[in-house]
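With my numbering as the guide, the letters of the sequence shown map in order to residues 2 to 556.
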Amino acid sequence: MISPKILQVVFDELEVAFRDPNETISIGRIFFFAILIFGVALFGGILRFLQRRTIQGVARKTEFLLRADFFQHLQKLSASYYDNVRTGDLMTRATNDLNAIRMVLSNAIMSIADATVFFGLALIIMLHIDTSLTLIALLPYPVLGLIVRLLGKRLYLHYESIQEAFSSLNTKVQENLSGVRVVKAYTLEDSEIEHFQELNQDFVIRNYKQIRLRNFFFVLFRFFPGISVAVLLWMGGVHVIEEIITLGEFVAFNAYLLMLVRPMFMLGFIVDTFERGAASMDRINAILNEEPEIYDGDSVRWNMKEIKGEIIFKDLNFAYNGGPPVLKNINLKIPQGTTLAIVGSTGSGKSTLVNLIPRIRQAERGTIFIDGVDIQDIPLNTLRSNTGFVEQEPFLFSDYLRNNIAYGVDTPNDEEIRDAAHTSDLLSQINEFPDGFQTLLGERGMTISGGQRQRSALARAILIRPKILILDDAFANVDTQTEDVILSRLSEIMKERTTIIISHRISTVKSADYIIVLDDGSIVESGTHERLLALDGIYTGMYETQLLRDELEEL
2 MISPKILQVV FDELEVAFRD PNETISIGRI FFFAILIFGV ALFGGILRFL
52 QRRTIQGVAR KTEFLLRADF FQHLQKLSAS YYDNVRTGDL MTRATNDLNA
102 IRMVLSNAIM SIADATVFFG LALIIMLHID TSLTLIALLP YPVLGLIVRL
152 LGKRLYLHYE SIQEAFSSLN TKVQENLSGV RVVKAYTLED SEIEHFQELN
202 QDFVIRNYKQ IRLRNFFFVL FRFFPGISVA VLLWMGGVHV IEEIITLGEF
252 VAFNAYLLML VRPMFMLGFI VDTFERGAAS MDRINAILNE EPEIYDGDSV
302 RWNMKEIKGE IIFKDLNFAY NGGPPVLKNI NLKIPQGTTL AIVGSTGSGK
352 STLVNLIPRI RQAERGTIFI DGVDIQDIPL NTLRSNTGFV EQEPFLFSDY
402 LRNNIAYGVD TPNDEEIRDA AHTSDLLSQI NEFPDGFQTL LGERGMTISG
452 GQRQRSALAR AILIRPKILI LDDAFANVDT QTEDVILSRL SEIMKERTTI
502 IISHRISTVK SADYIIVLDD GSIVESGTHE RLLALDGIYT GMYETQLLRD
552 ELEEL
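Written out as structure tokens, the structure is:
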């Protein structure tokens with residue numbers, strides 16, 4: 002803001018020297034003014050550097066905190082929330098949308114600060130130099146305000162549409178990479194490429210529409226100030242000729258005019274950045290405003306740090322999102338330290354029943370009790386840290402095998418890890434791996450076999466020493482001989498824990514203390530292996546079918 006005033010003094014002295022031969026200005030004085038302008042520029046550059054470092058540092062810190070809050074909130078949301086959301090969409094929100102918000106907090110904020118300071122000071126000085134010229138300079142602003150009002154909302158809608166299209170594109174890539182084996186198995190590579198191209202084309206088209214609107218927006222923000230500059234150049238020259246202002250004041254006025262026009266140019270960038278950031282912030286808030294369905298309520302017994310393992314189901318009924326009943330009138334008691342086996346046809350409610358125990362799904366209050374306490378009164382951390390869960394299709398992280406087995410243990414002990422791997426009959430195979438426990442697994446553990454993934458998950462569940470061990474078809478991908486070895490080694494561990502085994506193999510469940518048969522969500526048969534065979538019902542049919550299958554395999 003000082004440089005134009007220095008120019009004013011220089012040009013006024015030059016004008017006087019030009020008009021009056023008796024007046025002179027030395028080269029040394031001009032050099033002094035040049036050095037002065039250089040010093041002002043250097044000082045301004047240092048201030049600008051400090052400003053950018055401060056604002057961008059704050060923006061990066063805010064982005065870091067917001068991304069951390071976003072991820073933390075995702076961890077708190079219930080499992081049911083993820084039934085209807087796309088992973089690619091969440092990834093887009095956690096990356097592109099947060100980056101757009103950071104742009105508002107850094108570049109846009111700096112532009113606002115610059116525009117406010119330059120506009121305010123330049124306006125005051127220009128009014129002091131020539132009020133009428135200054136009022137002319139302000140004429141484009143009402144028009145620009147109307148443009149912002151009319152086009153700002155359209156920019157917001159375009160950016161929202163673009164982010165949605167990018168989410169779809171991201172989801173397609175993520176799903177295709179995760180399911181690449183299925184795509185290749187069905188030779189649908191060309192079909193997937195075509196579908197991707199359609200989504201990609203849609204994304205490009207939406208961007209083209211936004212670019213056209215954005216360019217029109219910026220053209221207007223340059224056109225109107227340009228008219229103002231042209232008019233002021235003409236009228237300012239007239240004022241100099243008529244000696245209303247001096248040549249130095251005219252030069253200074255034009256320098257300040259450029260400072261006044263610059264915020265006009267910047268306003269287009271600011272509005273564009275803010276509308277993009279607003280669309281992204283709304284998408285982030287849409288996730289942050291989601292409330293977890295499963296949480297610790299006011300009645301939680303916070304002093305309850307451990308459980309023993311007795312489980313009682315009392316008049317339990319359950320349905321997914323208001324749909325038809327999946328479980329009907331379940332009444333069952335599982336004493337501490339006993340083994341319960343659950344069998345039944347596909348879709349009979351077996352997995353749903355065990356998912357209710359650690360509150361992965363939420364049952365009605367007063368229907369499930371552990372150690373006589375309603376599970377909704379047990380802290381989630383206590384409930385889940387004391388429950389080991391092995392699914393038919395376990396999830397392994399793209400990490401070292403050792404870390405996958407030790408997942409859930411704060412300070413894993415190598416000997417305990419080896420013991421857990423031995424119990425799951427995986428240790429001998431790990432020893433054959435070139436890198437042993439340091440074998441790096443691919444995404445979802447696809448670099449090892451299905452049976453090895455299941456046994457890795459079993460070792461992981463054993464290592465946390467749970468009071469309740471749930472095996473949901475955990476031996477589906479291992480042969481019966483390996484299964485017998487694992488069950489034999491598990492027998493000692495199972496004596497100390499309440500164990501629930503879901504399986505389609507009678508050989509897996511026949512040694513359980515108690516067996517229930519689920520059919521269409523109801524317990525239709527229950528008892529020991531021998532008692533169920535004596536009933537000559539569903540269980541007997543399953544047993545005979547398995548015997549026949551085994552005989553056919555031996556032929």
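C-beta atoms are modelled at their ideal positions from N, C-alpha and C, and glycine is treated no differently.
I need the straight-line Cα distance from residue i to residue j, nearest angstrom please.
i, j, result
"serine 169", "arginine 207", "13 Å"
"alanine 365", "isoleucine 469", "This sequence places glutamate at residue 365; alanine is not what is there. Cα-Cα distance, rounded: 21 Å."
"leucine 122", "leucine 145", "20 Å"
"proline 141", "glutamate 250", "23 Å"
"valine 174", "histidine 196", "11 Å"
"valine 355", "glutamate 417", "27 Å"
"phenylalanine 217", "glutamine 211", "10 Å"
"leucine 136", "tryptophan 235", "15 Å"
"serine 133", "threonine 117", "22 Å"
"arginine 445", "serine 399", "6 Å"
"glutamate 161", "asparagine 478", "45 Å"
"alanine 231", "valine 205", "38 Å"
"aspartate 297", "phenylalanine 72", "19 Å"
"tyrosine 515", "isoleucine 331", "15 Å"
"glutamate 484", "glutamate 493", "15 Å"
"aspartate 316", "lysine 329", "8 Å"
"isoleucine 148", "tyrosine 257", "24 Å"
"isoleucine 194", "valine 181", "12 Å"
"glycine 538", "glutamine 547", "14 Å"
"glycine 40", "arginine 54", "21 Å"
Alpha carbons only, please: which of the options is nearest the one belonging to residue i?
i, options, result
"tyrosine 401", "Thr448, Leu259, Val252, Lys309", "Thr448"
"serine 79", "Val327, Leu51, Pro359, Leu134", "Pro359"
"isoleucine 1", "Val301, Pro435, Asn171, Ile524", "With the chain covering 2 to 556 only, the question about residue 1 has no answer from this structure."
"threonine 496", "Ser512, His423, Thr483", "In the sequence as presented, threonine is not what sits at residue 496; that position holds lysine. Considering only alpha carbons, the answer is Ser512."
"isoleucine 487", "Leu124, Lys315, Arg456", "Arg456"
"glycine 443", "His240, Leu397, Gly437", "Leu397"
"aspartate 84", "Tyr321, Asn108, Arg54", "Tyr321"
"glutamine 52", "Tyr160, Ile113, Gln76", "Ile113"
"valine 105", "Tyr540, Asp474, Gly437, Ala279", "Ala279"
"arginine 284", "Leu536, Ala101, Arg30, Ala535", "Ala101"
"leucine 214", "Ala458, Thr188, Arg419, Leu156", "Leu156"
"glutamate 388", "Ile312, Ser429, Lys351, Asp316", "It should be noted that the sequence gives threonine, not glutamate, for residue 388. Closest by alpha carbon: Ile312."
"phenylalanine 434", "Ala421, Ser450, Asp420, Asn255", "Ser450"
"methionine 111", "Gln73, Phe65, Ile163, Arg49", "Arg49"
"asparagine 318", "Glu307, Leu333, Met305", "Leu333"
"isoleucine 56", "Ile126, Phe34, Asn108", "Asn108"
"leucine 233", "Thr500, Val86, Leu259, Ile38", "Leu259"
"methionine 305", "Leu381, Ala287, Ile246", "Leu381"
"glutamine 430", "Arg466, Gly452, Asp520, Gln337", "Gly452"
"alanine 462", "Asp474, Ser425, Gln482, Asp436", "Ser425"
"isoleucine 246", "Asp273, Phe225, Ile130", "Ile130"
"glutamine 198", "Asp415, Ile228, Ala166, Arg182", "Ala166"
"serine 504", "Ile465, Ser346, Trp303", "Ser346"
Going by the DSSP bridge assignment, what does residue i pair with across the sheet?
i, result
"glutamate 526", "Val518"
"threonine 500", "Thr340, Leu470"
"phenylalanine 314", "Leu333, Ile369"
"proline 326", "Ala320"
With residue i and residue j assumed to form a contact (beta carbons below 8 Å), what rounded beta-carbon distance in angstroms separates them?
i, j, result
"asparagine 533", "threonine 541", "Note on residue identity: the sequence assigns leucine, not asparagine, to residue 533. Between threonine 541 and leucine 533 the Cβ distance is about 7 Å, and since that is below 8 Å, they are a contact."
"valine 327", "glycine 522", "5 Å"
"leucine 536", "glutamate 526", "6 Å"
"alanine 460", "leucine 427", "6 Å"
"leucine 75", "leucine 99", "In fact, because the Cβ distance is near 13 Å, the residues do not count as touching under 8 Å."
"valine 1", "leucine 341", "Outside the modelled stretch of the chain, which goes from 2 to 556, sits residue 1, for which no answer is possible."
"phenylalanine 438", "threonine 368", "So it is not a contact: roughly 42 Å between Cβ atoms."
"threonine 440", "phenylalanine 476", "Not confirmed; about 22 Å, so no contact."
"leucine 519", "serine 349", "4 Å"
"glutamate 64", "arginine 94", "So it is not a contact: roughly 13 Å between Cβ atoms."
"phenylalanine 254", "methionine 127", "6 Å"
"glycine 310", "threonine 499", "4 Å"
Would you say residue i lies against chain D (beta-carbon separation less than 8 Å)?
i, result
"asparagine 201", "Looking for chain D here will not work: only one protein chain is present."
Can you find a heavy atom of the ligand FAD that lies under 7 Å from the Cβ of residue i?
i, result
"histidine 74", "With respect to small molecules bound, the structure shown includes none, and the ligand FAD cannot be examined in it."
- alpha helix (DSSP H) segments (min. 4 residues) lying fully within the stretch 231 to 301: Here the runs fully enclosed are 248 to 289.
- Message: Threshold first: 3 residues or longer. Then list the beta strand (DSSP E) segments lying entirely within the stretch 337 to 362, N to C.
- Response: Segments of the beta strand (DSSP E) lying fully in the stretch 337 to 362: 340 to 345.
- Item | Those runs of the alpha helix (DSSP H) which lie wholly inside the stretch 368 to 425 and span at least 4 residues | With a minimum length of 4 residues, the continuous alpha helix (DSSP H) runs that stay inside the stretch 368 to 425 are 381 to 386, 402 to 406, 415 to 424.
- Query: What residue ranges within the stretch 81 to 131 form continuous alpha helix (DSSP H) runs of no fewer than 4 residues, ordered along the chain?
  - Reply: Within the stretch 81 to 131, the complete alpha helix (DSSP H) runs of at least 4 residues are 88 to 93, 99 to 104, 110 to 130.
- May I have a chain-ordered list of the alpha helix (DSSP H) segments no shorter than 4 residues that lie completely inside the stretch 421 to 483? Whole alpha helix (DSSP H) segments, 4+ residues: 428 to 433, 451 to 464.
- Task: Mind listing, in chain order, the continuous beta strand (DSSP E) runs of no fewer than 3 residues lying wholly within the stretch 132 to 158?
- Result: For the stretch 132 to 158, there is no continuous beta strand (DSSP E) assignment of 3+ residues that stays within its boundaries.
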